[in-house]
Amino acid sequence: MTAADIIVPVERTPRSLRAIAPARALAEQTGRGIHLLTVIPTESSDEDRRRELGQEARDHGIEPSRISVIKADLNTVPVGAEEGALWGAIAEAPDALICMATHARGAVGDMLLGSVATDVLNRAGRPVILTGPRLNADWAGPIRTLVVCLDGSPLSEAIIPPAAELARDTGAELFLVQAQEPDVHASALSADTTESGYVQRIARQIQKDYGLQANWDVLHGTRPARAISEYVAAMPGAMVCMTTHGRTGLGKLAFGSVARDVIHDVHCPVLAYRPTQTG
Numbered sequence: 182m183t184a185a186d187i188i189v190p191v192e193r194t195p196r197s198l199r200a201i202a203p204a205r206a207l208a209e210q211t212g213r214g215i216h217l218l219t220v221i222p223t224e225s226s227d228e229d230r231r232r233e234l235g236q237e238a239r240d241h242g243i244e245p246s247r248i249s250v251i252k253a254d255l256n257t258v259p260v261g262a263e264e265g266a267l268w269g270a271i272a273e274a275p276d277a278l279i280c281m282a283t284h285a286r287g288a289v290g291d292m293l294l295g296s297v298a299t300d301v302l303n304r305a306g307r308p309v310i311l312t313g314p315r316l317n318a319d320w321a322g323p324i325r326t327l328v329v330c331l332d333g334s335p336l337s338e339a340i341i342p343p344a345a346e347l348a349r350d351t352g353a354e355l356f357l358v359q360a361q362e363p364d365v366h367a368s369a370l371s372a373d374t375t376e377s378g379y380v381q382r383i384a385r386q387i388q389k390d391y392g393l394q395a396n397w398d399v400l401h402g403t404r405p406a407r408a409i410s411e412y413v414a415a416m417p418g419a420m421v422c423m424t425t426h427g428r429t430g431l432g433k434l435a436f437g438s439v440a441r442d443v444i445h446d447v448h449c450p451v452l453a454y455r456p457t458q459t460g
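Residue 391 in this note's numbering sits at position 210 of the sequence shown, and the numbers go up by one each step.
If you want it as structure tokens, here you go:
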């Protein structure tokens, strides 16, 4: 694996393989290669696993040589063994993109897909592209719009630099959205975070800092996650971009449990980022 790769961790469930589709779209738009990564018990045959994944890889235009099989003692030391083995391989390519599936239940998910996704996200120090359980089975890209979710906090704004970089690499349009819990009063926010003034200011700053045009919108509703999910549902080729708190994996965004719920509900990929400093 190299810095030019898109790493896709997979296991034996069909859902985990859905992460290949957005990875392929990104590969076609950025010129990166795709590398499939899987962890198996030490007693299992790596050649058998390669054969299992080989046809799936070929169906997606991935050479079987781009498959890495890692063995870990998952029986005697089951807790954390898969996460540690997977992360050890990913850490060897610190500039590679990571694209993986998650159930997005609880803090992030359950067992292999969930706990591993949480572990990778918390260790990565870089954005991770996640596909939730409702990703359209026929999702194919290309990625046309990056929907950047903001709430007026420095934490939420930490997603802007990686989103802008991805917009440059893919040619996708940036679209800023502000979704705020209705019980968060304007008096608790700075003056320019009320209604559209905040996202307009951020759009101007993005133009100044990155030379990118950004559109914007303000979403209303009692459930921000639902508002975001319904908003992007009408956008072909959308990818949601948002930050998370490190303490709870995907359990909370600055405005509540929105990140987790968005990843669970949306039919498109999500670029999730846990900043190393959350303030």
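Beta carbons are placed, not taken as given, at the ideal position from N, Cα and C, and that holds for glycine.
DSSP links S249 through a beta bridge to L218. Under the criterion of beta carbons closer than 8 Å, S249 and L218 qualify as touching, at roughly 5 Å.
P450 and L316 have their alpha carbons spaced roughly 7 Å apart. DSSP places I409 within a helical segment (H, G or I) once states are collapsed to three. DSSP places E233 within a helical segment (H, G or I) once states are collapsed to three. With respect to H216, G313 sits apart: the two C-beta atoms are not nearer than 8 Å.
Taking the Cα of A415 as reference, the smallest distance to any Cα among I383, T425, H448 and Q388 is reached at H448. Taking 3 residues as the shortest admissible run, the segment 318 to 354 contains the following complete beta strand (DSSP E) segments, listed from N- to C-terminal end: 326 to 331. The residues V439, D442, V443 and D446, in chain order, have a CB closer than 7 Å to that of A406 in the same chain once the five nearest residues on each side in sequence are set aside. Per DSSP, I383 is one residue of the alpha helix (DSSP H) stretching across S377 to Y391.
Closest by C-alpha distance to V220, out of Y379, L452, I271 and G352, is I271.
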